[in-house]
Every structure is written in C-alpha cells, then in structure tokens.
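Report on the following structure.
Protein chains: 2
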Amino acid sequence: MKNKGLLVVVSGPSGAGKGTICKRLLEKNNDIKISVSTTTRGARVGEVEGKNYFFVSKNEFQDMLKQDALLEYAKVYDNYYGTPKKYVLENLERGNDVLLEIDIVGALQVKEKFKDGVFIFILPPSLEELKNRIVGRGTESAKDIEKRYGCALEEIEQVIKYDYAVINDDIERATIDVEGIIKAEKCKVSRIHEDIKSIFY
Amino acid sequence: MKNKGLLVVVSGPSGAGKGTICKRLLEKNNDIKISVSTTTRGARVGEVEGKNYFFVSKNEFQDMLKQDALLEYAKVYDNYYGTPKKYVLENLERGNDVLLEIDIVGALQVKEKFKDGVFIFILPPSLEELKNRIVGRGTESAKDIEKRYGCALEEIEQVIKYDYAVINDDIERATIDVEGIIKAEKCKVSRIHEDIKSIFY
Numbered sequence: 003m004k005n006k007g008l009l010v011v012v013s014g015p016s017g018a019g020k021g022t023i024c025k026r027l028l029e030k031n032n033d034i035k036i037s038v039s040t041t042t043r044g045a046r047v048g049e050v051e052g053k054n055y056f057f058v059s060k061n062e063f064q065d066m067l068k069q070d071a072l073l074e075y076a077k078v079y080d081n082y083y084g085t086p087k088k089y090v091l092e093n094l095e096r097g098n099d100v101l102l103e104i105d106i107v108g109a110l111q112v113k114e115k116f117k118d119g120v121f122i123f124i125l126p127p128s129l130e131e132l133k134n135r136i137v138g139r140g141t142e143s144a145k146d147i148e149k150r151y152g153c154a155l156e157e158i159e160q161v162i163k164y165d166y167a168v169i170n171d172d173i174e175r176a177t178i179d180v181e182g183i184i185k186a187e188k189c190k191v192s193r194i195h196e197d198i199k200s201i202f203y
Numbered sequence: 003m004k005n006k007g008l009l010v011v012v013s014g015p016s017g018a019g020k021g022t023i024c025k026r027l028l029e030k031n032n033d034i035k036i037s038v039s040t041t042t043r044g045a046r047v048g049e050v051e052g053k054n055y056f057f058v059s060k061n062e063f064q065d066m067l068k069q070d071a072l073l074e075y076a077k078v079y080d081n082y083y084g085t086p087k088k089y090v091l092e093n094l095e096r097g098n099d100v101l102l103e104i105d106i107v108g109a110l111q112v113k114e115k116f117k118d119g120v121f122i123f124i125l126p127p128s129l130e131e132l133k134n135r136i137v138g139r140g141t142e143s144a145k146d147i148e149k150r151y152g153c154a155l156e157e158i159e160q161v162i163k164y165d166y167a168v169i170n171d172d173i174e175r176a177t178i179d180v181e182g183i184i185k186a187e188k189c190k191v192s193r194i195h196e197d198i199k200s201i202f203y
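If you read the sequences in order, they're chains A and B. Okay, so the first sequence: first residue is 3 according to the working numbering, each after it adds one. Okay, so the second sequence: first residue is 3 according to the working numbering, each after it adds one.
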C-alpha cells in the first residue's frame, strides 16, 4: 500500500528539547524528509543555505506571502520566518513523510490547513527540569531566563490543541515514542480504509 | 505519570495470524497482561487450566452471565466462551496493560463497554496469502476451507469498526506496529491531559 506521506509536526516550548528529538529521529529514519524554513534574517557563521534555512530578502518573503507560498509564518523581532509550502506538498504527494519542527504559533497555523497532519507536543519531564534547561544554556540574563520560563509555561497550556504529548525525560525513549506515533498513524483505519477495501472487497 | 492501564483488543479473521502476533508481543513485553478466556468445552490434551482457558461447567458459565461477570461471550457450536471481567478490570486499575485476543463478534461487544479500549484488526497481506494460510493448516476438507475463507472475507469488512489495522506480512514488523500503537495511545493528549495539567498548570 503506497499512501500519501504523513505530515508530522513536532512542536513545544523552548527547553523541551524538540530540536534534539527531531535530530535523533532523522538520524534513525533517513526516509523522513525535514522541511527547511525560510527567513529574512542574515545567515550566522556556519549556517548553510538550504540546510539551516533558505535565506531571502524581505521583498522575496513578501512575494512568497502574496503567492500564498507559505504554510505558516511568523515575525520575530524584525525578521520573518516561514515554511515553504512547495517542498512539503511535493514530498507528501510522493509518499514521503515530512517533519516540521516549528514553534507553537506556527504549528497551530499548519493545523488549520492540514487536518490530516499529526501534531506532537514535546514536554519537559517537570517544571524544575524545564528551568534547569533554560538556565543551562548559560547565555542569558536572569531577567531573560524568567521571561523565557514564563513563556514556556504559557505555551505548555496549548498542549490541549495537539494530538499527542511526548515527555522528554530521555532522548532515546522520547524518540521511540515519536516513531511509535508515526507507525500508529499509518495503521489508522480512518487513513487506510480505501486501500484495505481495494485489496479485500 | 501513572495512569490506568490500556485495554488492547487484538482481533481479526482466522488466517490473519493474530495469535502469533500476540504471542510475540507478550514475549517482547512482559509487563503486558494477557486475559485468559473461560469456556465450557472440555480441556484438550496439553491444555492447562488458567493458561489456555479457565474450564467451567455450563452451570458455572450461566452463573457468570447472570452476575454480569463477563466482558463478552459467544456460543460456538455447543460450547460457550467468554472473557472474565474481574481480571481485566483489576489489572487496568493497577495500571497494567491488558491484551485481549478475541474474535470479531467478541471485540465489538467489548467496544460497546470500553470506549477507551484500543481496537486493532490484524489483516493478512493479500487474499491469496489468506487462502494459502487457511489451506496450510492441512486439517480441513475443501468444503470447510471454502467456508472458512468466505467467513474471513466477510469478517474483514468489519475492519471499519476498528481503530487500527495492521497488515501481517511479517510477524516482527507487524508486532512492532502493534507496539507503536500502544506507545502512541499512551501519548494521546486526550488520555493524559489531566496528568499534564497536574504537573504544569
């Protein structure tokens, strides 16, 4: 049975570890395609065009918006970030699973358009651990840490809008949960009933 | 987070291989409890009380029915078969996952009572393979084989009433699918939202 690919959206507050889980998931499953975001901010040292981001001018970004070429977008400070629609749609059509690692606002925009997507929220194991992880970055002032922590708490309440929540107490275990979710979704009768009918009745 | 256990119902037509998958699942996951059916038929050579079945008299079975002590039951030829409720409920309450390997009629009875159960239908990979497997038992007449095959085809149409369908083209792969489904169900926000709230907000 060759179906359309699965759109897997992995999201969650900063400090939950969604980036690390997605990295591990891609290492273990090289048939999953990762969607690369586009941004108007300049490339940082070491960032590679087409790998970390597609870097575009503000005019180019505006053109993409006008052409409805983005699945979701957000403005952060003075820069725009978005998910190009073409790559995602083409891969899903070819039967490839596509992974989006995006923030909560973006994920909820995608959910409006892709009812069939699978929406996974990554949670830290506890409030204490969340704070440790935010502090652990070591790059921010006490005030910034408090702000980031407060935002994370507010964001966690959005979990109710997601299909699944994975507690990231251990990267390997959490990655296995995400893999299980992908396998389970591909076994849902609501997704594969037409195929079953075509084989058996 | 310690939740109630998951009731996992594995069902499907004869020849699909549900028994083999359940056996493999239990070998790999010794924390899953298997529910043992009760029956009024006599024990066959090698069958062990409490392992293969709980063997009871027709009177005892009728008493269980009167006491609403069975989750589901069926009469096959002259004998009754049923799933004792107590073992299942007690284990779920303790947080243990309970596996029921039962036929389609029984599974649909359980579904009426356990909206929270997870209902998995095991499918053969093709019609041809289904027929091969039924013939392969080598114990039945051509007429019995035709009858069993016809029943299996009718039963497969019941897949629409299940949550998941797992194609049994390979025991190991199919078992991994079932394990994925169990993991995914435990990550469903609809199941664990209260726990998430109690930790984070």
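Each residue gets a CB set at the ideal place from its N, CA and C atoms; glycine is no exception. Computed from a predicted model, the values in this text were never measured in an experiment.
Reference residue i; option with closest CA among the options
i, options, result
"LYS88 (chain A)", "A:SER39, A:ILE136, A:TYR79 and A:ILE124", "A:SER39"
"VAL10 (chain B)", "B:SER128, B:LYS188 and B:SER192", "B:LYS188"
"ASP179 (chain A)", "A:ALA144, A:ILE124, A:VAL191 and A:GLU148", "A:ILE124"
"ALA186 (chain A)", "B:ALA18, B:GLY44, B:VAL120 and B:LYS68", "B:VAL120"
"GLU103 (chain A)", "A:GLU74, A:GLY138 and A:LYS115", "A:GLU74"
"GLU130 (chain A)", "A:LYS113, A:ASP146, A:LEU110 and A:GLY152", "A:GLY152"
"LYS113 (chain A)", "A:LYS149, A:GLY182 and A:TYR164", "A:TYR164"
"ILE147 (chain B)", "B:ILE158, B:GLU157, B:LEU132 and B:GLU159", "B:LEU132"
"ARG135 (chain A)", "A:LEU8, A:LEU91, A:SER192 and A:PRO15", "A:PRO15"
"LYS60 (chain A)", "A:ARG46, A:LYS53 and A:ALA76", "A:ALA76"
"ILE184 (chain A)", "A:GLY17, A:ASP65 and A:CYS24", "A:CYS24"
Within chain A, partners of residue i - CB distance below 9 Å
i, result
"GLU148 (chain B)", "Ordered by position in chain A, no residue passes the 9 Å Cβ test against GLU148 (chain B), which lies about 17 Å from the chain."
"LEU28 (chain B)", "By Cβ distance, chain A contributes nothing, its closest Cβ being about 18 Å from LEU28 (chain B), past 9 Å."
Contact list for residue i against chain A, beta-carbon separation under 7 Å
i, result
"TYR151 (chain B)", "Result: empty, since nearest Cβ-Cβ is about 12 Å, beyond 7 Å."
6 Å CB neighbourhood of residue i in its chain, flanking five on each side removed
i, result
"ALA71 (chain B)", "LYS87"
"LYS35 (chain A)", "ASN93, ASN98 and VAL100"
"LEU27 (chain B)", "THR177 and VAL180"
"ASP171 (chain B)", "PRO127"
"GLN111 (chain B)", "GLU74"
Chain-ordered chain B contacts of residue i [CB-CB under 7 Å]
i, result
"SER128 (chain A)", "ILE201"
"ILE158 (chain A)", "PHE202 and TYR203"
Interface residues of chain B facing residue i [CB-CB closer than 8 Å]
i, result
"LEU101 (chain A)", "Under the 8 Å cutoff, chain B gives no residues; its nearest Cβ is about 16 Å from LEU101 (chain A)."
"VAL191 (chain A)", "PHE123, VAL161, ILE162, TYR164, ASP165, TYR166 and ALA167"
"ILE194 (chain A)", "ALA167"
"ILE198 (chain A)", "LEU125, ILE158, VAL161 and ALA167"
Residue i - containing alpha helix (DSSP H), residue span
i, result
"LEU129 (chain B)", "129 to 138"
"ASN93 (chain B)", "87 to 95"
"PHE202 (chain B)", "191 to 202"
"ILE106 (chain A)", "106 to 115"
"LEU27 (chain B)", "20 to 30"
"GLU187 (chain A)", "173 to 188"
"LYS149 (chain A)", "144 to 158"
"LEU67 (chain A)", "60 to 68"
Contacts around residue i, its chain only, beta-carbon distance under 7 Å, and the 5 residues preceding and following it disregarded
i, result
"ALA167 (chain A)", "PHE123, LEU125 and VAL161"
"THR41 (chain A)", "TYR55, PHE57, ASN81, TYR82 and TYR83"
"ALA109 (chain B)", "VAL11, SER13 and PHE121"
"GLU95 (chain B)", "LYS6"
Within chain A, partners of residue i - CB distance below 8 Å
i, result
"LEU155 (chain B)", "PHE202 and TYR203"
Enclosing beta strand (DSSP E) for residue i [first to last residue]
i, result
"GLU103 (chain A)", "100 to 103"
"LYS77 (chain A)", "72 to 78"
"ALA167 (chain A)", "166 to 169"
"ILE124 (chain A)", "120 to 125"
"LEU9 (chain A)", "9 to 13"
Residue-chain proximity (residue i, chain C), Cβ-Cβ < 8 Å
i, result
"GLU51 (chain A)", "In the structure shown, chain C does not exist; the protein chains are A and B."
Handout entry: Chain-ordered residues of the segment 160 to 187 of chain B with a beta carbon less than 8 Å from chain A
Key = Those residues of the segment 160 to 187 of chain B placed with their C-beta closer than 8 Å to a C-beta in chain A are VAL161, ILE162, TYR164, ASP165, TYR166, ALA167, VAL168, ILE169, ILE178, ASP179, GLU181, GLY182, ILE183, ILE184, LYS185, ALA186 and GLU187, ordered along the chain.
Practice task
Identify each residue in the segment 5 to 34 of chain A for which the Cβ-Cβ distance to at least one residue of chain B is less than 7 Å, and report them in chain order.
Solution key: From the segment 5 to 34 of chain A, no residue has a Cβ closer than 7 Å to chain B.
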